[in-house]
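Each step along the sequence shown adds one to the number in this note's numbering, with nothing skipped, and position 65 is 175.
Working notes, beginning with the structure itself.
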Amino acid sequence: MKRLKIMLDYGEGPIWTKYYDEAKNKLITGIETVDNDEELWTLNDEIQDLYSSFYKIDYKDEPVYFNKEEEKLNKDKMLGLIKKLIVRLEQINDGSFVIDDRETERIRNL
């Protein structure tokens, strides 16, 4: 059974990909039901945009820094989006993968 990692990082959506599909010109997980679900990838992009917005550029002190206070201010919004993502994954899960959610608890504890 495949493991689908949910983890936030700059410039990456919470769904971690492993492969590049040249025909589709996009990164994929290798889990067909996940890779072909448009609703899921729209949510993934929305979450990526929100999380990446917490990174700021400050040319005086630090070239790039993560604004932890802004993340805390957006905690409820992020939790709602991650919950939607997990619910959608559970809806489409045909038993071929397990969800490895590394973010929900971290965000709750902000």
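In this text, a Cβ means the ideal position worked out from N, Cα and C, and glycines have one as well.
Bridge partners of L300, per DSSP?
Nothing about residue 300 can be read from this structure; the chain reaches only from 111 to 220.
Using a threshold of 8 Å, state whether the C-beta atoms of L114 and I209 are closer than that.
Looking up residue 114 in the sequence shown gives position 4. Looking up residue 209 in the sequence shown gives position 99. Taking 8 Å as the Cβ cut-off, L114 and I209 qualify as a contacting pair.
beta-carbon K185 near the ligand ZN non-hydrogen atom, thresh 7 Å:
The ligand content of the structure shown is nil, which means the ligand ZN is not present either.
Same chain only: Cβ atoms within 6 Å of Y161, ignoring 5 sequence neighbours per side
As a first step, residue 161 must be located in the sequence shown, where it is residue number 51. Cβ within range, chain order: L118.
Take L150 as the anchor and find which of K182, K193 and S206 has the nearest alpha-carbon.
Taking the first residue of the sequence shown as 1, we reach residue 150 at position 40. Comparing Cα-Cα distances from L150 to each of K182, K193 and S206, the minimum goes to K193.
Between D131 and I138, is the Cβ-Cβ spacing less than 8 Å?
Reading the sequence shown from its first residue, position 21 is the one you call residue 131. Reading the sequence shown from its first residue, position 28 is the one you call residue 138. Yes.
Find out if the Cβ-Cβ distance for the pair I141, S206 is shorter than 8 Å.
The count along the sequence shown starts at 1 and reaches residue 141 at position 31. The count along the sequence shown starts at 1 and reaches residue 206 at position 96. Taking C-beta atoms as the reference points, I141 and S206 count as a pair closer than 8 Å.
Taking only the alpha-carbon atoms, compute the straight-line gap between R212 and I116 and give it to the nearest angstrom.
Taking the first residue of the sequence shown as position 1, residue 212 is located at position 102. Taking the first residue of the sequence shown as position 1, residue 116 is located at position 6. Going by the C-alpha atoms only, they are around 6 Å apart.
Quick check on DSSP: helix, strand or coil for E179?
Position 69 of the sequence shown, counting from 1, holds the residue named residue 179. Here E179 sits in helix by DSSP.
Among E180, N177, F176 and L189, whose alpha-carbon lies nearest the alpha-carbon of N154?
Within the sequence shown, residue 154 is the residue found at index 44, counting from 1. Nearest in C-alpha terms to N154, of all of E180, N177, F176 and L189, is L189.
For V144, is the classification buried or exposed, using 16 other Cβ atoms within 10 angstroms of its Cβ as the cut-off for buried?
Locating residue 144 in the sequence shown gives position 34, counting from the first residue. So V144 ends up on the buried side.
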